[in-house]
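Going by the numbering used here, the sequence shown opens with residue 3, and the numbers climb by one from there. Every residue gets a Cβ at the ideal spot worked out from N, C-alpha and C, and that includes glycine.
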Amino acid sequence: MSKSVDTDTVRKQPVDRYLKRQVLGEGTYGVVYKAIDTLTGQTVAIKKIRLGNQKEGLNFTALREIKLLKELKHPNIIELIDAFPDKGNLHLVFEYMQTDLEAVIRDRNIFLSPADIKSYMLMTLRGLAFCHKKWVLHRDMKPNNLLIGDKGQLKLADFGLARIFGSPDRRFTHQGSSDIDQLGKIFQALGTPRPSQWADMVYLPEYVEFQYVPAPPLRSLFPMASDDALDLLAKMFTYDPRARISIQQAMEHRYFSSAPPPTDPTKLRIPASKGDLLESKVSDLNQQESPTVLSPPGKLRRVMGPEAFDINRNQSIDDAEDY
Ligand code: ADP
Ligand code: MG
């Protein structure tokens, strides 16, 4: 083990503190186990992360990031209870959660009322607001990463890990095409962003030009949403981060003060059990054609500094709009 290991952040300790139970699943970085913390009696989820070629141990940056996550404590953020190395793996110990929002959404026996949805929205945004206040970006917000406890409380999970351990998929060549696929899906749902809407887009490091598709009305994607809900969604789905609503503004949006009030989390229904939810993994969007890439990456390069942006902008925008 490297001498660089910070004994306070990642402690080598008797592994018998945690009594391993069943495997919960295979995650991006390795297996996740259910376990009992014999010190506290608490049920926990342990993520075993293969350190692979980082055999010398974790570098200072990774350790600092883990320490930051350990200090990020909020009712709507999953707690990182402990972190320790063992046999070339890093073990991250999290509080155990019953289920996640994806399972709730997919459960056909659960009807989500507008008040229930508002409750989930509020818990999600509260967790995210705390992250942003501490200058932590989540970078992987999706229903599957919003875990739900037995009292209905929602907690953000899986943030920061991609930054600490790298995105493992990236090492394989298909990551490029899955990123493109995902962008295609987003553009199909929300319209292909135009440089007139988001001038800095064309300077993104791996910018590729997509076929233009207009944005369908947001109402067609969310037929049951209230006008307030749609207004908030439109502001959160704004492509240009400079024009997008901030998390603080989002929490002050009238959607949260107008009727109905959010459901008390303890009154939210959660799925009876995990499993048998895999049937409809293919979303409706997959049945349709997504916009495709028009130009390969690397045609335009990011230019640093706002003055430089202006010098290069006119030409680049002309290029990009000339489909
Ligand atoms: P991925 O990296 O693909 O997002 P995860 O590592 O988050 O996968 O999770 C893998 C599996 O472990 C999933 O089935 C998830 O439900 C489960 N899991 C992860 N964290 C927890 C937790 N804190 N409590 C209970 N189950 C968890
Ligand atoms: Mg996850």
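Taking residue 84 as the centre and dropping the five residues before and after it, the same chain places the C-beta of 95 closer than 6 Å to its C-beta, in chain order. By the CB criterion at 8 Å, residue 257 and residue 234 fall inside the cutoff. By the neighbour-count criterion, in which a residue is buried when 16 or more other Cβ atoms sit within 10 angstroms of its Cβ, residue 212 is buried. In this structure, residue 109 has its CB at a distance of at least 7 Å from all heavy atoms of the ligand ADP.
Taking 7 Å as the cut-off, the C-beta of residue 151 does not count as close to any heavy atom of the ligand MG.
The beta carbon of residue 40 lies closer than 8 Å to those of 18, 19, 20 and 21 in the same chain, with the five residues before and after it left out. For the pair residue 181 and residue 44, the Cα-to-Cα distance works out to about 38 Å. The Cβ-Cβ distance between residue 147 and residue 158 falls below 8 Å. Annotated as distal: residue 76 and residue 48, with beta-carbon spacing of 8 Å or more.
Secondary structure note for residue 23: it is in no alpha helix (DSSP H), and the uninterrupted beta strand (DSSP E) holding it is 20–28. In the displayed model, residue 35 falls within a strand according to three-state DSSP.
Per DSSP, the continuous beta strand (DSSP E) segment holding residue 45 begins and ends at 45–52.
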